[in-house]
Structure formats: C-alpha cells, structure tokens
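Residue 1 is where the sequence shown starts when you use our numbering, and the numbers rise one by one after that.
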Amino acid sequence: MFKNGNQAFYLSAKWKHKRARVMRLYHYEDAELARYGKHVEATMVHHIYPLEDYPELAMQTWNLIPLTTATHNRMHDRTTNKVTSLGKQWQDRRRLKFEEWKSENERNSDCGSRLQK
Numbered sequence: 001m002f003k004n005g006n007q008a009f010y011l012s013a014k015w016k017h018k019r020a021r022v023m024r025l026y027h028y029e030d031a032e033l034a035r036y037g038k039h040v041e042a043t044m045v046h047h048i049y050p051l052e053d054y055p056e057l058a059m060q061t062w063n064l065i066p067l068t069t070a071t072h073n074r075m076h077d078r079t080t081n082k083v084t085s086l087g088k089q090w091q092d093r094r095r096l097k098f099e100e101w102k103s104e105n106e107r108n109s110d111c112g113s114r115l116q117k
C-alpha cells in the first residue's frame with residue numbers, strides 16, 4: 001500500500017484530516033467518473049502531481065481528487081509507477097493552479113533570499 005517510505009505521511013493526522021476534507025469537497029465521489037455523470041463512491045484520495053515527485057504539493061487541495069481503486073490504477077502504470085495519459089490529462093487540467101503555486105513559491109523564495117542578504 002505504501003511506497004517509497006510514505007507510510008508515515010499517509011498515517012499522519014494531518015493527512016487524514018486533509019483526505020476527509022477532499023472527500024467531503026467532492027461528495028465522496030470518484031472525480032474522474034463524475035465527469036461522465038457516474039456517481040461512484042471514492043475509496044482514496046489521489047495526488048495529481050505525485051507525492052514522490054512533488055512532496056511540496058502533498059497537502060495542496062487543488063492537487064488532490066478522490067477516486068476508486070480502479071480509477072486510481074488507471075492514473076499510474078503499476079509496473080513503472082509513471083503517470084499514464086489519463087493522469088497527465090488531470091495534470092493538464094490543473095496546470096494553471098500548478099503554475100500559480102510555482103510562481104508564488106518562487107516569489108517567496110526570492111523574498112527569503114533578499115532578507116538573508
């Protein structure tokens with residue numbers, strides 16, 4: 001269930017609270033299937049930009065969607081753990097949020113480095 005040493009993260013109270021919030025936000029439904037008018041109960045919350053690659057996005061609500069196990073398995077190639085074309089579609093949908101986050105982080109980083117000078 002846990003990969004790359006993420007067990008502590010997924011067992012943390014902070015994650016459990018965020019997961020519950022995201023589930024409520026989407027009415028406990030699989031976000032991908034809901035796009036097609038299907039109302040299926042989600043069983044997990046997925047990181048659109050993977051936790052392993054973007055740990056700094058782990059708790060960003062815009063980077064999280066509830067999914068069923070079957071839909072989640074369609075987001076990643078389970079052999080290579082690479083994001084599939086469906087997963088990349090979701091990344092493309094959230095690209096603007098990602099760019100806003102990245103820009104904000106760079107501004108904050110610049111302010112921090114100026115303060116240190």
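Note that CB positions come from ideal geometry on N, CA and C, so glycine has one too.
Under 8 Å between C-beta atoms of histidine 46 and methionine 75: Going by C-beta atoms, histidine 46 is nearer than 8 Å to methionine 75.
Helix, strand or coil at proline 50 [DSSP, three-state]: In this structure, proline 50 counts as coil in the three-state DSSP scheme.
Status (buried if at least 16 other CB within 10 Å, exposed otherwise) for glutamate 32: Buried.
Start and end residues, beta strand (DSSP E) containing leucine 86: Run containing leucine 86: none in the beta strand (DSSP E); it sits in the alpha helix (DSSP H), 85 to 93.
Asparagine 81 versus Glu100, Ala20, Glu52 and Pro66, residue with shortest Cα-Cα distance: Ranking the options by Cα distance to asparagine 81, first place goes to Glu52.
Serine 11, enclosing alpha helix (DSSP H) - first and last residue: It should be noted that the sequence gives leucine, not serine, for residue 11. 7 to 11 is the span of the alpha helix (DSSP H), which, as asked, contains leucine 11.
One or two residues paired with proline 55 in a DSSP bridge: Partner residues in a beta bridge of proline 55, as assigned by DSSP, do not exist.
Inter-residue Cα distance where the pair is isoleucine 48 and asparagine 73: Separation of isoleucine 48 and asparagine 73 (C-alpha to C-alpha, rounded to the nearest whole angstrom) is 13 Å.
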